[in-house]
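Each residue of the first sequence is one higher than the one before, starting from 191 at the first, in my numbering.
Ideal Cβ placement from N, Cα and C applies to all residues, glycine included.
Let me begin by presenting the structure, written as structure tokens, before commenting on it.
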Amino acid sequence: MSHFVLIDGNSIANRAFYALPLLSTSNGLHTNAVLGFTTMLLKVLEEMKPTHIMVAFDAGKVVFRHSEFTDYKAGRSKTPTELSEQFPLIRELLDAFSIKRFELEGYEADDIIGTLTLRADQNNWKTTVITGDKDMLQLVSDHVSVALTRKGVSELEVYTTAEIEQKYGLKPQQIIDLKGLMGDASDNIPGVPGVGEKTALKLLHQYGTVEEVLNHIDEISGKKLQENLRGNVEQAKMSKSLATILREAPVDLELDQVGYSGYDPGKLLEFFKRMEFKSLIPKIKGISATSGYNAEAGEADETAGKSVPFSYLIADRGSLAELAEKLTSPMGLFVEMDGDNYHHAPIVGFGLAAEDFALYLPMELALEWEAFRQWLADETKQKWVFDGKRDTVGLAWNGLQLNGIQFDMYLATYLLNATESNPILADAALQYAAVAIASDESVYGKGAKRELPELATLSEHVARKATAIWQAVPAIRRELEQQELSELLTKLEGPLSLVLAEMERTGVKLDAERLVQMGQELDRKLDELTNKIYDLAGEPFNINSPKQLGEILFDRLQLPVLKKTKTGPSTSADVLEKLAPYHPIIDEILLFRQLGKLRSTYIEGLLKEINSKTGKIHTLFNQATTATGRLSSTEPNLQNIPIRLEEGRKIREAFVPSEAGWYMLAADYSQIELRVLAHISRDQNLIDAFRKGMDIHTRTAMDVFGVSEDEVTSMMRRQAKAVNFGIVYGISDYGLSQNLNITRKEAAEFIDRYFAVFQGVKQYMEDIVEQAKQDGYVTTLLQRRRYLPDIRNKNFNLRSFAERTAMNTPIQGTAADIIKLAMIRMQESLRQQGLRSRMLLQVHDELVFEVPQDELETMKTLVADVMENALPLDVPLKVDVHYGPTWNDTK
DNA sequence: CATATCACG
DNA sequence: ACGTACGTGATATGC
């Protein structure tokens, strides 16, 4: 049967460009959009097996729609040159694939596709349109489906009539009416003011089309809505016509001209080589078998001699003496573990790789092989690894020492693109190595079906991982150098990973008995509360279910709905607080939620995580998760232990020193983010305030309200504090108004007054957004980079979000850089001074230690000194230190 | 497996 | 006009 695939070239190129980091070849050619386009094509050819295929592009400056509405697409900013220079390469790519491309002067790709799908439909051909543009959903019919790109470009979500019906409750044709009513900012289609998706869908479910809606304005509820509709009749009709894809463009092309019979592997190979798409080479049909990992050990797969040879050895007892010579320096090393949590996961084996050498070494043999253990521990034998912290801690639990990590590809990949959290070796290999790696899921299976595969499969998988590291490191080094990130890796993230390894391994002692006792108290209180709530509700229900709770509050008790979520009325704490005056049940529910959270997350959750061997909690500090450079903590998360409310704060009483007579000591930075802001914005007023050692929120209140220090009321200080927070987050009047429960206008006035006094801050906010628009990314003081692909997006929301991120990331990220530096220095100092104190936790602006009594005085000054001087700024950094018998006493 | 909620900085 | 504060992770529900 025929299958016709039509690709929206401009849309896919754009998606690919913004979804992937700005890659370049060794001679500086940008290729990210080409790479994205390529992976999409390979996937489509593989999975859809088209018999006919073509790619349509926009052409010419004057689109026919201009005659109708001059603002059409006026909101679109220029295509960045980094993208436009890739279009010729994409054309070459299509030629290499032998895929026909088509453009028509004065028409958009949409219209070409619209026209051809209609023709194909009339011939009863199965047709699929590939695009990132939701507008295209209007083309769906019995024979035509539309595949929208999701998460980048290689994942596609196919829409047929049924999916559109399910998602919108509309027929494909009505997508046009939807756009006509709600408009589309990215295409500058105005729609009807005040009508968004929700309202538009409601109207269409009732009346079907824009015209019918306009015919029944009088029946529609809502005075404002009626007014808006009445005042915009013509605009609505015009919007609909703008959204309508043309289906009769003069496309001079017969369907049989786009028949597809595959590509010439040689041509494609040549093109991939030129683009340096090494990892894609094995995917070319006819060049490589890419058989999965069925090859026997020691055998190269079909790609040998042509593009990517892969052969490796499996160590056995007889060969160890001989293999010892192969333990050289540097080497790629991968430690394979059976499970994600390396505090528990058994080590399965090791992959080792160097030039023309790859080896799989099972764990049992490693334990017997003295030369290997020595090599592992030898500082002078350089290892290239992927997640050295994982390796170090995992090996430590097994009595093995790892030293000499010279390059950590995991951290490097994170620095190159922090947007993709938790870099995956297989993905990184795709970009930087010649050898391909199967996904762990395909090798081990997932969920309950997860199991170790047979040796042949397992060994090749692991050997490939080590090989990928070996091959990728030089290219990654080059890229780091180019982006001025080498130092951040070697001086900061690399050393930090070893500090974190030690903290995780050390763990923090938890007083389990204390927790159990608190749990019993909570059980009692929660039982009582449950009964009280059932009484007040008049019937029992599941209080933890927002759905059931909503039914009780809003149906049965008829309380007003103040806010809605996607699925129903909201029952979040801020809403409930406003409902409290209406009914006594509300306060009980709030208390129930609060105590329930403590029980499930902090009592039961923490007790489950106590390690049976050590009696301690060993968290995982993830060093490559956040977009800003902060750490995160999981299994369990020790960075969100309650503190704000007294009941919850008691949980901290269970965090105790692991040795008798020791103390918990905590040191936290005071206002580090605002101090960082003072430094990077060079705002004289803010700098002055910090240099004088003033309370910053009081000072802000004085300046914003124009009063003297003793005239600042607690209300004024509270509002000033909220403004300061807002500033750090990338302020918006709406956000501030929500936070302070004031009107947007009042919030806007606060912000104006703030910027009138802190002009340097205002200037910084404007400059950083401008800079982000120029470069496409922002950086911290230590050059950590965050890409902001949406900074030039036509969609207001996405763009605004990116703008706030541009303002916030250098602040939050620099603060993260600073405490990371402090941690490295701190660990050095502890070692140099022979102190027994141990660093246990980091909570973004706080470090927690356990300290023997006789070191308390030393530590108080040492910790403060190290933290305050980690990175000298134009304003002083201030650190408060507290200690006591439990974490709760460090206040 | 997505959503709502809530804990932290 | 648009509709949000920035950055995380864990738990319970319910499809």
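Member of the options whose CA lies at the smallest distance from the CA of residue i
i: Asp-442; options: Thr-305, Ile-471, Leu-705; result: Thr-305
i: Phe-986; options: Gly-373, Lys-392, Lys-882, Glu-347; result: Gly-373
i: Ala-602; options: Leu-557, His-651, Ala-556, Ile-659; result: Ile-659
i: Gly-508; options: Gly-1003, Met-892, Leu-459, Glu-558; result: Glu-558
i: Lys-1081; options: Glu-1045, Ala-856, Met-892; result: Ala-856
i: Leu-615; options: Ala-626, Leu-605, Glu-1036; result: Ala-626
i: Glu-560; options: Gly-594, Glu-515, Phe-292, Asp-546; result: Glu-515
i: Ala-702; options: Pro-664, Ile-793, Glu-650, Phe-731; result: Ile-793
i: Lys-414; options: Glu-402, Ser-201, Val-400, Val-385; result: Val-385
i: Glu-825; options: Ile-289, His-534, Ala-286, Leu-273; result: His-534
i: Ile-1001; options: Arg-872, Gln-276, Ile-303, Met-599; result: Arg-872
i: Leu-225; options: Thr-271, Ala-567, Gln-276; result: Gln-276
i: Phe-287; options: Gly-449, Ile-366, Glu-353; result: Gly-449
i: Gly-709; options: Gly-795, Gln-748, Glu-417; result: Gly-795
i: Leu-1083; options: Pro-383, Thr-399, Ile-366; result: In the structure as shown, the chain begins at 191 and stops at 1081. Residue 1083 is therefore absent and cannot be evaluated.
i: Gly-452; options: Ala-891, Glu-438, Ile-474, Leu-445; result: Ile-474
i: Trp-574; options: Gln-621, Thr-680, Ala-586, Lys-639; result: Thr-680
i: Trp-1077; options: Val-1033, Lys-468, Val-918; result: Val-1033
i: Thr-809; options: Asn-827, Leu-797, Val-423, Lys-803; result: Asn-827
i: Glu-1045; options: Leu-592, Gln-364, Leu-1025; result: Leu-1025
For residue i, the three-state DSSP class (helix, strand or coil)
i: Tyr-1073; result: strand
i: Gly-920; result: coil
i: Ala-246; result: strand
i: Ser-214; result: strand
i: Leu-796; result: helix
i: His-220; result: strand
i: Glu-444; result: coil
i: Gly-265; result: Unreliable placement is indicated for Gly-265, whose pLDDT of 37 sits below 50; the coordinate value is still reported in the next sentence. Note: Gly-265 maps to coil in three-state DSSP.
i: Leu-1061; result: coil
i: Met-906; result: helix
i: Gly-199; result: helix
i: Trp-852; result: strand
The alpha helix (DSSP H) enclosing residue i, as first and last residue numbers
i: Ile-870; result: 862-871
i: Ser-1019; result: 986-1022
i: Glu-424; result: 423-433
i: Thr-271; result: 271-274
i: Arg-839; result: 836-839
i: Arg-647; result: The displayed chain sequence assigns Thr, not Arg, to residue 647. Residues 645-672.
Extent of the continuous beta strand (DSSP E) to which residue i belongs
i: Val-583; result: From DSSP, Val-583 is part of no beta strand (DSSP E) but of the alpha helix (DSSP H) over 578-587.
i: Thr-1080; result: Thr-1080 -> no beta strand (DSSP E), and no H or E assigned at all.
i: Ala-511; result: Here Ala-511 belongs to no beta strand (DSSP E); instead the alpha helix (DSSP H) covers 510-514.
i: Pro-552; result: 547-552
i: Leu-1031; result: 1028-1032
i: Leu-459; result: No beta strand (DSSP E) contains Leu-459, which is instead part of the alpha helix (DSSP H) from 455-465.
i: Leu-542; result: 537-544
i: Ala-337; result: 334-340
i: Val-525; result: 521-527
Through-space distance from residue j to residue i, alpha-carbon basis
i: Ala-623; j: Phe-500; result: 12 Å
i: Lys-754; j: Thr-761; result: 8 Å
i: Tyr-349; j: Phe-811; result: 40 Å
i: Arg-255; j: Gly-819; result: Residue confidence is low: Arg-255 scores 46 on pLDDT, short of 50, so the model does not pin down where it sits. Its coordinate-derived value is still stated next. Going from the Cα of Arg-255 to the Cα of Gly-819 covers about 45 Å.
i: Leu-523; j: Ala-203; result: 37 Å
i: Arg-580; j: Ala-691; result: 8 Å
i: Asp-198; j: His-333; result: 18 Å
i: Glu-874; j: Asp-1064; result: Inspection of the sequence shows that residue 874 is occupied by Gln rather than by Glu. If I take the Cα positions, the gap works out to 10 Å.
i: Gln-312; j: Ser-429; result: 28 Å
i: Phe-880; j: Thr-1004; result: 18 Å
i: Thr-582; j: Leu-470; result: 32 Å
i: Glu-466; j: Leu-458; result: 12 Å
i: Lys-239; j: Leu-978; result: 35 Å
i: Glu-956; j: Phe-731; result: 52 Å
Segment contact flag, the region 662-670 with the region 977-993, C-beta cutoff 8 Å, min 3 pairs: no
Contact between the region 861-869 and the region 1060-1071 (3+ Cβ pairs under 8 Å): yes
Touching by the beta-carbon criterion (3+ pairs, under 8 Å), the region 362-371 and the region 393-404: yes
The region 1011-1020 contacting the region 624-644, beta-carbon criterion three pairs below 8 Å: no
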